[in-house]
Structure formats: structure tokens, C-alpha cells
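In the working numbering, the protein residues as written are 342 to 822. Cβ atoms here follow ideal geometry from the backbone N, Cα and C, with glycine treated the same way. These notes are about the structure you will find just below.
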Amino acid sequence: MPSLCIRRAAELGNAAYANFLFSTSSGDPPHILLWNALIRGSVQAEHHEKALNLFALMHHRGLYPNEFTYHDAFSACSALRECDIGKKAHCLVIKAGFALVPLVAISLFNFYAAMEAICSTGAGLLNTRIMFDDMSTKSIGLWNRMVAVYVGIADLTSARKLFDKMPDRDVVSWNTMLSGYAKAKDAASAEDLFHKMPDRNVFSWTAMVGAFARGGNLEAARRLFDEMPERNAVSWNCMLSSYTQRGEFKMALNLFLEMQSKGLAPDGFTFVSALSACAHLGALDTGKWIHFHLMGNCIRFGAIVGTALVEMYAKCGDIGSAFRTFIKAAEKDVFCWNVMIKALAAHGMARSALDLFARMRKERLQLNDFTFMSVLFACSHTGLVEEGRRVFVSMEREFGIKPRMEHYGCLVDLLCRAGQVEDAYQVVKEMPYMPDVSVWGALLGGCRAGTNVSSTEKTIARMEEIEDNGSGVYVTLSNMI
């Protein structure tokens, strides 16, 4: 069939052949089935702009879309976040009488759910809920989807009201509501729901472990984890990451070793948590042992594990192994580069850090504000004043990245370390933020180093205008007296 060939060619990315088959098919203009095939193939190949262009072209050719056309058009609008085009297509659906066709209604529901979840305003999920309420027949999957959309925008009150109205529930219904409470750190509501569940699966138990952990009750989380009738990699990762996020690095490492002793296969997230624990504990030998077990698997786990390895070696003081791991990493995202730059700077290798930054620019990598934080840190700790000034200016001028308070703090620290306290004070006066304690602390430290009485008096006078001063500033001040 021509329509099937067109669709398959488009799905496989052979747009030229798909267009050739489309244009040479019998009929002028081609039959609606052929248009639908080309649009469907474009959507499934993720060529969403082309799908919408074809959809618009149909109207110019005097063709009327059917329910299948609209289904794919709304899918493309959702993927591209094309709210205006989607709303115009909704008007066409109403005029054409397709609004109550189940396929179109579901597509419209998914479209509004995607748009309103992204661009949620005071109106909330108004259109999504209207589409849901207007459907005469609602499957349990649709009810679950509506609850999940409410959970996604953290409207747990509406989610629970809908959940309580459901005529039937399955384990997905319960898990969706449970995960909402877990994300909101509402451990009490999550626990109440958990005990009411008629059936629980591994997701249910893991979500409840996460709810306890997010609420700060690691002991309850661990007790429930130990009671789980079944655990998978996600369950172990949940408990591991909970320990690392709460600074319980020794507990995290012990749990990782327990997982290994049971012969369970870790994934990338497991290794990241374990390596993070090693980095904070300075457990270089354990980190090397993990690296050994990762040999041959780093490519499979990707950039996130490679970055964790670089950071582990750097924080454990082995900057040589950190750099070798960085160079050998098959996949490096911008975060990995940032970690390596800051690690070099922290080990007194600022020039190497700046060389790495120059290489990033040469390779046209997408720099971010953390990149510049790392470079300014390198300049600050080695007195490269002019280099630091140029980097700071280039942030917004060349890369369109607006400096944050932390960047200004780095620049102030750089100038103060170099004895240029007056210039640092001028930066503080002209910065578009109200200086925080860290900025004043850097400036006071510079005043102390240079015994600049005038600048010290100015700094103290301005500090008095800030209500929430940290004790660290006063320690610095007392040392100057």
C-alpha cells in the first residue's frame, strides 16, 4: 500500500523518498490517507515541525483532516509546546464535529495536560479538566492520567478529591497518589495511604521509603526498606541517595557494599551515590575498587558516572587520576568539564584549569553559569586578576549568561585577594543585587589584608543595613581590631 510505504519511509528518516512516493501517488491532490501517512510518519520520526507544516498545507489544498489527522497534529503540538496552533486546531475540531470522537478527545486531553502542566497559571488545569469531564466514557487509565497531571503540578488537594471519586482503582492509582505525597514530603499522608492500599508492589514500598526519607526520617525509611518483601535497583538507589543527600555517607557506603554482597547488579545511579559517598569520606581505596568494577561499563553508564569518578578522585586528593579519568571518558557533558576545571583550580593548577576552559570554548561546548563559577574560582585562588575580569565580562557580553550573586562574590574575592579593595568595593556598589554576607565577608577579608581603614569603615557602615548577618563576618571583623 502506498500509504504504508510513505509512513515507513518517513519513520525511518528518509524524508526525500517519503516525499517522492507522496508526490508521485495517484490523485491530485493525494488522498487523505496519504497525507495522514506522511504526517504520522513525521510525528513518529519526531519531525514535529514538518508534521504541522503538512497539517497547515492540507487546508490550503482544500482537504479536510479527519480524526487520525487531528490525533497526530495534537501530538506534534504537545511535543513542540505549540499552544496557539493547538488551540486553533481545537476550534477546527469543534467546527468539523470531531470533538466527541474518542481518539480526538483523548488527543486533546493529552495536549492540554502537557501545555497546562508546563505553563501552569492561576487557572490551573482548566481546559484539561473540561476535556476530562466532557468524556462520556472514562477508562481507569484516563482517571489515573488526570490524577497524575494534578500530582505533576503539585495540586494534591485536587488530585486527592479526584482519587476519592474514582469508581475503580488499580495499583497505579494508589501509587500515583502515594508518589505525590512523597514528592511533597508529606510523610504522614503518604503513610496513611500506604496502610490503606489493598495491594502493594515494589513501587509502592519504594515510594513510601522515599516519603520517609524526604521528610527527614531516615530511621523509618531504613526500617521500611529492610521490611520490603522485594527490592529492585530503584529501591536500593532510593535508600542510597537518601543517605548521601542527608550527609550520611558512611551509611550509604555500607549499604552499597551490602548490595554488592547480595550479588545485585547496580546501575549508573547506584555508582554515582557510592562514588559521592567515597568523595565526601575521602575513601580513595574504595573509590578505586568501584572504578575497577566499572571498567568496560563506563560507556554504558554514560557521562554521569564518569563525572562522579572525576569528582571522587579530585576530592580524595588524587588529581592525576581525576584528570586521566576525564581524558579517557568517552562521554563528557558540560558538568564533567566544570568539575574538572574546579578540581584543577582547587589543587593549585589554575593555568591548567584556564587551558581547559579555553578548550571548551574552542570546541563550542554549551557553557553555563557553573562553568564561569569554576573559572572565576580558579582565577581568584591564583591571583589572575585581569584574566578573571575578562572572564566575568565575557559571561553576559559573549555568552548571554547573566552573572548571579555568586559570580559577583567570586569577582570581589579575586580583587580583594589581589589587594584591589577599592575596585572590589566599587563592584559591590554597582552590582544589581543586594550584597549578602558572603560578599561583605570577602570585602572585609580584603580590608584586613590591606589594612585599608577607609574601605573598612565603608564596609561596616553598609553591613549595618543588612538585617541577617552571619557570625563568620563578625569573626573576621573581630580579627581586624
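Just the C-alpha distance for tryptophan 678 and threonine 666, rounded to the nearest angstrom, thanks.
By one-based count along the sequence shown, residue 678 stands at place 337. By one-based count along the sequence shown, residue 666 stands at place 325. So the alpha carbons of these two residues sit roughly 12 Å apart.
Give a yes or no on whether the C-beta atoms belonging to leucine 706 and serine 693 are separated by under 8 Å.
Within the sequence shown, numbered from 1, the residue matching residue 706 stands at position 365. Within the sequence shown, numbered from 1, the residue matching residue 693 stands at position 352. Taking 8 Å as the Cβ cut-off, leucine 706 and serine 693 do not qualify as a contacting pair.
Can you have a look at asparagine 785 and say buried or exposed, based on whether 16 or more other CB atoms are within 10 angstroms of its CB?
In the sequence shown, residue 785 corresponds to position 444, counting from 1. Residue 785 is actually leucine in this sequence, not asparagine. The residue is buried, with at least 16 neighbouring Cβ atoms inside 10 Å.
Is the segment 451 to 458 in contact with the segment 432 to 443, if contact means three or more CB pairs nearer than 8 Å?
Touching, no.
Let me know if threonine 462 comes out buried or exposed under the rule of 16 or more other beta-carbons within 10 Å of its beta-carbon.
The count along the sequence shown starts at 1 and reaches residue 462 at position 121. Residue placement at threonine 462 cannot be trusted, given a pLDDT of 48 that sits under 50; the coordinates are not used to answer.
Helix, strand or coil: how does DSSP classify phenylalanine 439 here?
Along the sequence shown, one-based indexing puts residue 439 at 98. Here phenylalanine 439 sits in coil by DSSP.
Report yes if the CB atom of cysteine 579 is closer than 8 Å to the CB atom of threonine 611, and no otherwise.
If you number the sequence shown from 1, residue 579 lands on position 238. If you number the sequence shown from 1, residue 611 lands on position 270. Cβ distance not < 8 Å, so cysteine 579 and threonine 611 don't count as in contact.
For serine 520, which residues of its own chain have a beta-carbon under 6 Å away from its beta-carbon, when the five flanking residues on both sides are left out?
Translated into the one-based positions of the sequence shown, residue 520 becomes position 179. So the qualifying residues of the chain are Ala548.
Just how far apart, CA to CA, sit alanine 624 and glutamate 589?
On the sequence shown, position 283 is the one that residue 624 refers to. On the sequence shown, position 248 is the one that residue 589 refers to. When rounded, the distance between both Cα atoms is 14 Å.
Return the chain-ordered list of same chain residues with a C-beta closer than 6 Å to the C-beta of alanine 414, the five sequence neighbours on each side being excluded.
On the sequence shown, residue 414 is found 73 positions in, with the first residue counted as 1. Excluding positions up to five away in sequence, the list reads Phe396, Ala430.
Around the C-beta of histidine 634, are 16 or more other C-beta atoms found within 10 angstroms, so that it is buried, or is it exposed?
For the purposes of this step, residue 634 is taken as the residue at position 293 of the sequence shown. It counts as exposed.
So is isoleucine 459 buried or exposed if we call it buried at 16+ other beta carbons inside 10 Å?
Taking the first residue of the sequence shown as position 1, residue 459 is located at position 118. With fewer than 16 other Cβ atoms within 10 Å, it is exposed.
Can you tell me where the alpha helix (DSSP H) with serine 545 in it begins and where it stops?
Here residue 545 corresponds to residue number 204 of the sequence shown, with the count starting at 1. Its alpha helix (DSSP H) spans residues 543 to 555.
Would you mind stating whether tyrosine 774 and methionine 736 have Cβ atoms separated by less than 8 Å?
Within the sequence shown, residue 774 is the residue found at index 433, counting from 1. Within the sequence shown, residue 736 is the residue found at index 395, counting from 1. Not a contact, by the Cβ cut-off of 8 Å.
What do you get for aspartate 303, buried or exposed, if any count of 16 or more other CB atoms within 10 angstroms of its CB means buried?
The requested residue 303 does not occur in the structure, where the chain is confined to residues 342 to 822.
Is DSSP giving isoleucine 660 helix, strand or coil here?
As a working mapping, residue 660 is identified with position 319 in the sequence shown. It is helical.
Threshold first: 4 residues or longer. Then list the alpha helix (DSSP H) segments lying entirely within the segment 487 to 533, N to C.
Segments of the alpha helix (DSSP H) lying fully in the segment 487 to 533: 497 to 506, 512 to 524.
Identify which residue in Ala783, Gly557, Lys391, Arg422 has its Cα closest to the Cα of alanine 455.
Working through the sequence shown from its first residue, we reach residue 455 at position 114. Nearest C-alpha to alanine 455: Arg422.
Can you list, in chain order, the residues of its chain whose CB lies under 8 Å from that of tyrosine 584, leaving out five sequence neighbours each side?
Along the sequence shown, read from residue 1 onward, the residue named residue 584 stands at position 243. Closer than 8 Å at Cβ, skipping near neighbours: Leu559, Phe590, Met592, Ala593, Leu596, Ser614, Ala618.
So what's asparagine 558 in DSSP terms, helix, strand or just coil?
For the purposes of this step, residue 558 is identified with residue 217 of the sequence shown, where counting begins at 1. Coil.
If you draw a straight line from the C-alpha of alanine 386 to the C-alpha of leucine 444, how long is it?
The sequence position of residue 386 within the sequence shown is 45, counting from 1. The sequence position of residue 444 within the sequence shown is 103, counting from 1. Cα to Cα, the separation comes out at about 21 Å.
The alpha helix (DSSP H) with serine 477 in it runs from where to where?
Translated into the one-based positions of the sequence shown, residue 477 becomes position 136. From DSSP, serine 477 is part of no alpha helix (DSSP H); its letter is neither H nor E.
Which same chain residues end up closer than 6 Å to glutamate 672 when comparing Cβ atoms and leaving out the 5 residues on each side of it in sequence?
For this step, residue 672 is matched to residue 331 along the sequence shown. So the list reads Gly643, Ala644, once near-sequence residues are dropped.
Give me the residue from Ala489, Pro508, Ser499, Val513 with the minimum Cα distance to threonine 478.
By 1-based counting over the sequence shown, the position of residue 478 is 137. Considering only alpha carbons, the answer is Pro508.
Contact check, leucine 708 vs histidine 748 under 8 Å by CB: the rounded distance?
Residue numbering aside, residue 708 sits at position 367 when the sequence shown is read from its first letter. Residue numbering aside, residue 748 sits at position 407 when the sequence shown is read from its first letter. With 8 Å as the limit, leucine 708 and histidine 748 do not qualify as a contact, their Cβ atoms being about 13 Å apart.
Taking the alpha-carbon of isoleucine 373 as reference, which of His400, Gly689, Glu727, Val384 has the nearest alpha-carbon?
Taking the first residue of the sequence shown as position 1, residue 373 is located at position 32. It is His400.
When burial is assigned at 16 or more other CB atoms within 10 Å of the CB, is cysteine 757 buried or exposed?
Translated into the one-based positions of the sequence shown, residue 757 becomes position 416. So cysteine 757 counts as buried.
Along the chain, which unbroken stretches of the alpha helix (DSSP H) at least 4 residues long are found entirely within the segment 586 to 625?
Listed in chain order, they are 590 to 602, 609 to 622.
Give the secondary structure of tyrosine 453 by DSSP, where H, G and I count as helix, E and B as strand, and everything else as coil.
Start at 1 with the first residue of the sequence shown, and residue 453 comes out as number 112. Note: tyrosine 453 maps to helix in three-state DSSP.
CA-CA distance, cysteine 720 and methionine 681?
Within the sequence shown, the letter at position 379 stands for residue 720. Within the sequence shown, the letter at position 340 stands for residue 681. Taking the straight line joining both Cα atoms gives about 15 Å.
With 16 other CB atoms within 10 Å as the buried threshold, where does serine 662 fall?
For the purposes of this step, residue 662 is taken as the residue at position 321 of the sequence shown. So serine 662 ends up on the buried side.
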